[in-house]
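Below is one structure, written out as structure tokens; comments come after it.
Chains as they are written, first to last, in our numbering: chain A, 1 to 283; chain B, 1001 to 1283.
What follows is the structure, encoded as structure tokens:
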């Protein structure tokens, strides 16, 4: 059991970490810090934390493990800010959706007697904010950890154990491989769904009243927070551009087959898609 | 109440019509015909029908209303086949996802004393086959009817009332407008989801084990039957090509904004998408 778990800037993911850690008895004491005073006030009324303090430094002073949970563009600077205040031996992890820069900057920011082990729990929702957090958000989902070659092995093991204790299946990979993977399985789907909605927005709005479950499911993630996603897309620009261009080539190949009335090719593509879809772990 | 409701080639939609009509007491007698002898045998054991006969002609001989429920490429020929056997005054409707050709060919196929009123209930699933049918599939969903200017007004009204009695909200539009609408809100999403899965199929298959709810929802419809969808795409080729090319332009505009690091433009597109998504009738 951790002596003190500190979660900085809890939104959906951070507050779900607090709830799950509380429910599973993973920490003796859970301390939060949130940037906005109103949010701190609201969080103080929640039973999934023991204290809500006014500064990040105060929150980490006695922390065994710190979870950095702000939007992806604020993680590295928050690591820099808390570095001097961390106690010796403290572990730091995060929940950022992009890992390359964060892994390198986070590692560089900390003192040698404290350890940053970047993480990305593959759980979430189109609903953001700590109000939507649940104790079960992470159950049976994958959590990437992306240590650097120079990361402390004991720290990596301890952070992996923490995410595992939250109910997750931990997958360890390099930060850059992580970013390539999520560009394909998370960021590209987001862009396709958002572009579909943005395209339909240029058409007769009555049409959306006619849609069935297909459009609803295909576009669910287009309801996600634009500010959070803008930061994710900005941080993973290069990998996303590569994945997007390749997807555009496949879409053009489909369009060409249709223009050429090559229905055998179209059916073959639909069949490969169905077979791939049938193998998704989350059905 | 209908004296006899006949459903030809029931799959998911056709059998759901039978179940819903039975549950709501819309027909005194429900008669089915299915092409495959094994399916006829299985259907005979179901309590949502009163008889399962061996030919389409036999099935329609005393029908008040006939629902044509085969895949979209078989509807017009089935209308031609049953035309001579229909009793005077019989109404015929269908469940096809594309309406232009079907509306014209179906109307032309029938005798002047019988009436074809094409329909497209916007309900379905990635699970096909009568085994997945339910009595509630149509509730609160939209059903297009696409009469021609020369359609009999009383027949149009009676068929609209039938779909309404199944729990649907009926929208009347021209066949060509229908085909433009569904190219955008149904066929394009299908192609984007299938192309995403087919693209990911070219990558490391382990990646799909890491996906969260986003990829799962975005690609659910990629699990749909490739043969059925090939026929739909073939029948709505021109409208789909138009919608697809416009979507490709929007996707390219997104990619260009990202290549140019124009993150304000990217955020603006995400915001328009979210706002559109928030207005979907089916949340």
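Positions of the beta carbon are idealized from the N, C-alpha and C atoms, including for glycine.
In whole angstroms, what separates the C-alpha of residue i from that of residue j?
i                       : j                       : result
residue 289 of chain A  : residue 1118 of chain B : There is simply no residue 289 of chain A to check, as chain A begins at 1 and stops at 283 in what is shown.
residue 1240 of chain B : residue 116 of chain A  : 50 Å
residue 1170 of chain B : residue 25 of chain A   : 54 Å
residue 1228 of chain B : residue 106 of chain A  : 51 Å
residue 52 of chain A   : residue 70 of chain A   : 16 Å
residue 1237 of chain B : residue 128 of chain A  : 39 Å
residue 1092 of chain B : residue 1028 of chain B : 17 Å
residue 113 of chain A  : residue 175 of chain A  : 22 Å
residue 1255 of chain B : residue 192 of chain A  : 11 Å
residue 75 of chain A   : residue 1160 of chain B : 57 Å
residue 152 of chain A  : residue 1194 of chain B : 42 Å
residue 1080 of chain B : residue 1062 of chain B : 17 Å
residue 1225 of chain B : residue 48 of chain A   : 46 Å
residue 284 of chain A  : residue 257 of chain A  : Any question about residue 284 of chain A goes unanswered here, given that chain A covers just 1 to 283.
residue 1020 of chain B : residue 1143 of chain B : 14 Å
residue 216 of chain A  : residue 1041 of chain B : 36 Å
residue 1130 of chain B : residue 1007 of chain B : 12 Å
Could one say the Cβ of residue i lies closer than 7 Å to chain B's Cβ atoms, at least one of them?
i                      : result
residue 117 of chain A : no
residue 145 of chain A : no
residue 172 of chain A : no
residue 226 of chain A : yes
residue 5 of chain A   : no
residue 271 of chain A : yes
residue 138 of chain A : no
residue 48 of chain A  : no
May I ask you to list the residues that DSSP assigns as paired with residue i?
i                       : result
residue 119 of chain A  : A:145
residue 172 of chain A  : A:145
residue 24 of chain A   : Paired residues: none, contrary to the question.
residue 33 of chain A   : A:8, A:53
residue 1093 of chain B : B:1067
residue 2 of chain A    : A:27
Taking C-alpha atoms, which residue in the options lies nearest to residue i?
i                       : options                        : result
residue 1200 of chain B : A:93, A:277, A:89              : A:277
residue 1181 of chain B : A:162, A:76, A:99, A:206       : A:206
residue 1209 of chain B : A:141, A:160, A:193            : A:141
residue 1054 of chain B : B:1203, B:1065, B:1039         : B:1039
residue 1082 of chain B : B:1033, B:1021, B:1022         : B:1033
residue 234 of chain A  : A:36, A:85, A:157, A:98        : A:98
residue 231 of chain A  : A:57, A:96, A:120              : A:96
residue 1104 of chain B : B:1146, B:1065, B:1248         : B:1146
residue 1273 of chain B : B:1078, B:1126, B:1251         : B:1251
residue 16 of chain A   : A:204, A:59, A:121             : A:121
residue 953 of chain B  : B:1261, B:1275, B:1089, B:1010 : Nothing about residue 953 of chain B can be reported from this structure: the residues present for chain B run from 1001 to 1283 only.
residue 1066 of chain B : B:1184, B:1072, B:1010, B:1249 : B:1010
residue 1220 of chain B : A:134, A:21, A:223, A:214      : A:214
residue 1012 of chain B : B:1197, B:1133, B:1222, B:1253 : B:1133
How would you list, in chain order, the residues of chain B whose beta-carbon sits under 9 Å from the beta-carbon of residue i?
i                      : result
residue 258 of chain A : 1191, 1233, 1234, 1237, 1240, 1241, 1244
residue 162 of chain A : What residue 162 of chain A touches in chain B: nothing, since even the nearest Cβ is about 19 Å away.
residue 142 of chain A : 1209, 1210, 1211, 1212
residue 205 of chain A : 1276, 1279
Give the residues of chain A in contact with residue i, contact being defined as C-beta atoms less than 8 Å apart.
i                       : result
residue 1111 of chain B : Here the premise fails: no neighbours, minimum Cβ distance about 32 Å.
residue 1080 of chain B : Under the 8 Å cutoff, chain A gives no residues; its nearest Cβ is about 23 Å from residue 1080 of chain B.
Given that residue i touches chain B, what residues does it touch there, using C-beta distances under 7 Å?
i                      : result
residue 254 of chain A : 1191, 1195
residue 222 of chain A : 1273, 1274, 1277
Establish whether the CB of residue i and some CB of chain A are separated by less than 7 Å.
i                       : result
residue 1250 of chain B : yes
residue 1217 of chain B : yes
residue 1044 of chain B : no
residue 1229 of chain B : yes
residue 1102 of chain B : no
residue 1200 of chain B : yes
For a contact meaning CB atoms closer than 9 Å, what does residue i contact in chain A?
i                       : result
residue 1123 of chain B : 212, 213
residue 1075 of chain B : Residues of chain A passing the Cβ test: none, with the nearest at roughly 18 Å.
Which chain A residues are close to residue i, counting only those with a beta carbon under 7 Å from its beta carbon?
i                       : result
residue 1030 of chain B : Per Cβ cutoff of 7 Å: no residues; residue 1030 of chain B is ~24 Å from chain A at best.
Do we get a CB-CB distance below 7 Å when we pair residue i with the residues of chain C?
i                      : result
residue 186 of chain A : Given the protein chain composition of this structure (A and B), no chain C is represented.
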